[in-house]
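Colleague: Supplied in structure tokens, the structure appears directly below.
Chains as they are written, first to last, in our numbering: chain L, 1 to 349; chain W, 1001 to 1349.
Structure below.
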């Protein structure tokens, strides 16, 4: 295996010494970049996901333009349910839609067992191609949605305000919810293992909707399946990052879920969280994404706040507390990366 | 002053002994009730707010039908910005819209200083009329939005996903944001004082959007103005409830903001929170509103969980962790109230 030229991200995930704090940005391959929009103008979103050359092209853009310390493969969390047999449509403005959502045991039984090397070969090809084109400049991250987050989309069928259908399922038919979650967890574990096999240096599990659950429901319907995935992933030393949005509570349980790194949203105090998790895991985050609407000076000040809150030593991967917003000026994303690279040195003497 | 026949709610707010845990439900005068929809079929939402007879009628419905232990005056948090001079439209399905949102100092300067006895006389009349019709059966709650929550609507102009405009304002022009927040805080304090003068037995401040802020921004742009309101409200012994959704963090600061009661959303563990706040304040909440989609048996089990989590003794007002959802069957709301009334007795020996 070839040696990475910049392995700051991986070292920080493992809490090894680094010269400065590494940074990447959730959704860094995205609409805020004119170069991304140029590719997107030629192909729809799903075609981009399914065409390794296009996926690799946009994955590399932020490395070249914004100069982050890690790449994350361009894809979507909903490729798993699609590969399990659900018809997926992407509607401009409205977001993803499953016209036939899962509501009954019959619907659930129709979900097929995933073989990622066949059903999601296009993602694995994109990973291999990206690795080649990255030429070991920075590590490549693979990702999956958490079973709970995927279940919400699969049951609701489209964006939801109150998540009425998936909540009805967990309260009225918890056995059905558990059987689907278990199936998704197996699929996600196999998928992430295959991504690592194809060359991913780390994987992140996104639990975007864990925060709509009460604490005990979060443990039962979300965290237990994240734990199952982590225990099943085939890996050597590739770190696992868990980003559970809106889950301040249960940090105590999260820190023991098997993840090497916990992603924090911007409403948490990273310094407080560091005290709570101790040496157990590294932390990723957590600047408010809307700070990028402000000026480079103001961005630098907020960067300083986050760095100071985390404090000295390794184990911090800088990131936003959620994905970068599509109407952020690219110069501001560059200003963020520069500020982190410059301001973090003094915390790593 | 006449004596209330059922003052359980007020005694619990003051942490005085009660025979059982009182319950009311946020948005209890709302669309889930066919009786409410019958009134709404005759008048649009703002007309209902502005017609004391209609506002009183729907305010009383849940007392008669669901049998909660407190009434909350039917109104909307956006009556304050409307009375400050902003044109407000209610769009079916899309929610409230201010066609001319506040973006500049000029816009802000145009906001007028509120005299609630003139500009919001219709609410005060609704309070007086409701008090009369309630005939001291249960206490009446008045309410206001928090300055931060009102600012988000006033600046965004309509529903928002990322709150880009109000975030731009606090990052790029914090002085402007502070000057408007200060003006709103004065208006809200005068408004709540006038509601108490008109007969409200308690007031609640809703900070629906405090949770979109980082911890330090929450303190600076939201909590400080809630504190200002509480310090300015003219009251004798009427309790103040603060419901800040999604603000797990800063509970330590919240408990000292001057509120008698803190409302909790459903993602918090009420037992843990009780340990954290100690004897300082009473707690209100916090069952997941979507539990009302399930069966009466399942609702009763979740009620037992919340009661057991809070534990023995007074200082708990049962409620949902957010407003009741419009598609909940009224029988399930009744089942909730019955379950709380029956299951809570053993915690008050």
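For every residue, glycine included, the Cβ atom is placed at its ideal position computed from N, Cα and C.
For a test of the three-state rule: what should DSSP assign to residue 1221 (chain W), helix, strand or coil?
Modeller: helix
Colleague: So residue 942 (chain W) and residue 1130 (chain W) are in contact, right, with Cβ under 8 Å, and what is the actual spacing, rounded?
Modeller: With chain W represented from 1001 up to 1349, any question about residue 942 (chain W) goes unanswered, as that position is not in the structure.
Colleague: Considering just the uninterrupted stretch of the alpha helix (DSSP H) at residue 106 (chain L), what are its terminal residues?
Modeller: Per DSSP, residue 106 (chain L) belongs to the alpha helix (DSSP H) from 105-109.
Colleague: Within 8 Å (strictly less), CB to CB, does residue 316 (chain L) reach chain W?
Modeller: no
Colleague: Can a CB atom of chain L be found closer than 8 Å to the CB of residue 1252 (chain W)?
Modeller: no
Colleague: Between residue 1325 (chain W) and chain L, is any beta-carbon pair separated by less than 8 Å?
Modeller: yes
Colleague: Name, please, each residue of chain L whose Cβ falls closer than 9 Å to the Cβ of residue 1221 (chain W).
Modeller: The premise fails here: residue 1221 (chain W) is roughly 12 Å from chain L at the closest Cβ pair, so nothing lies under 9 Å.
Colleague: On the three-state DSSP scale, how would you describe residue 1210 (chain W)?
Modeller: helix
Colleague: Candidates L:51, L:4, L:25 and L:105: which alpha carbon is nearest residue 340 (chain L)'s?
Modeller: Looking only at L:51, L:4, L:25 and L:105, the smallest Cα-Cα distance to residue 340 (chain L) is reached by L:25.
Colleague: Let's test the definition: count the other Cβ atoms within 10 Å of the Cβ of residue 1277 (chain W) and tell me whether it reaches 16, buried, or not, exposed.
Modeller: buried
Colleague: One question on the structure: do residue 1023 (chain W) and residue 1069 (chain W) come within less than 8 Å of each other, judged by their Cβ atoms?
Modeller: Contact: yes.
Colleague: Quick check on the DSSP output: what are the complete alpha helix (DSSP H) runs of length 4 or more inside the segment 1008-1075 of chain W, in order along the chain?
Modeller: Counting whole runs of 4 or more residues, the segment 1008-1075 of chain W contains the alpha helix (DSSP H) stretches 1008-1013, 1034-1040, 1045-1050 and 1052-1065.
Colleague: Please check the pair residue 1205 (chain W) and residue 1240 (chain W), which I expect to be a contact at CB under 8 Å, by giving their CB distance rounded to whole angstroms.
Modeller: 7 Å
Colleague: Rounding to the nearest angstrom, what Cα-Cα distance links residue 1138 (chain W) and residue 1005 (chain W) in this structure?
Modeller: 7 Å
Colleague: At a CB distance below 8 Å, what residues from the segment 1150-1167 of chain W approach chain L? Give them in sequence order.
Modeller: 1162, 1163, 1164 and 1167
Colleague: Under 8 Å, do residue 229 (chain L) and residue 163 (chain L) count as touching if we go by C-beta distance?
Modeller: no
Colleague: Work out the CA separation of residue 1345 (chain W) and residue 96 (chain L) for me, nearest whole Å.
Modeller: 48 Å
Colleague: Kindly confirm or deny that the segment 1327-1340 of chain W and the segment 1283-1299 of chain W touch, where touching means at least three C-beta pairs closer than 8 Å.
Modeller: yes
Colleague: What three-state label does DSSP hand residue 270 (chain L) in the structure shown?
Modeller: helix
Colleague: Quick check on residue 266 (chain L) - is its C-beta less than 8 Å from some C-beta in chain W?
Modeller: yes
Colleague: Between the alpha carbons of residue 299 (chain L) and residue 308 (chain L), how many angstroms are there, rounded?
Modeller: 14 Å
Colleague: Classify residue 1262 (chain W) as helix, strand or coil using the three-state DSSP reduction.
Modeller: strand
Colleague: Could you have a look at residue 319 (chain L) and say whether DSSP puts it in helix, strand or coil?
Modeller: strand
Colleague: Rounded to whole angstroms, what's the CA-CA distance from residue 75 (chain L) to residue 247 (chain L)? Just pull it up for me.
Modeller: Looking at the two C-alpha atoms, the distance is approximately 24 Å.
Colleague: Apply the 10 Å Cβ neighbour rule to residue 1333 (chain W) and answer buried if 16 or more other Cβ atoms are within range, or exposed otherwise.
Modeller: buried
Colleague: If distances are taken between C-alpha atoms only, which option among L:51, L:136 and L:46 comes closest to residue 92 (chain L)?
Modeller: L:46
Colleague: Taking contact to mean 3 or more Cβ pairs, one atom from each stretch, closer than 8 Å, check whether the segment 105-113 of chain L and the segment 172-191 of chain L are in contact.
Modeller: yes
Colleague: At what residues does the beta strand (DSSP E) containing residue 1144 (chain W) begin and finish?
Modeller: For residue 1144 (chain W), the uninterrupted beta strand (DSSP E) segment begins and ends at 1140-1145.
Colleague: Locate the alpha helix (DSSP H) running through residue 197 (chain L), then write down its first and last residues.
Modeller: 174-198
Colleague: Return the chain-ordered list of same chain residues with a C-beta closer than 7 Å to the C-beta of residue 7 (chain L), the five sequence neighbours on each side being excluded.
Modeller: 139
Colleague: Give every residue of the same chain whose Cβ lies closer than 6 Å to the Cβ of residue 1208 (chain W), excluding the five residues on either side of it in the sequence, and list them in chain order.
Modeller: 1149 and 1245
Colleague: Identify the continuous beta strand (DSSP E) that holds residue 241 (chain L) and give its terminal residues.
Modeller: 240-244
Colleague: Let me see if you follow: with CB-CB separation under 8 Å, is residue 1172 (chain W) close to chain L or not?
Modeller: Contact with chain L is found for residue 1172 (chain W), since one of that chain's Cβ atoms lies less than 8 Å from the residue's Cβ.
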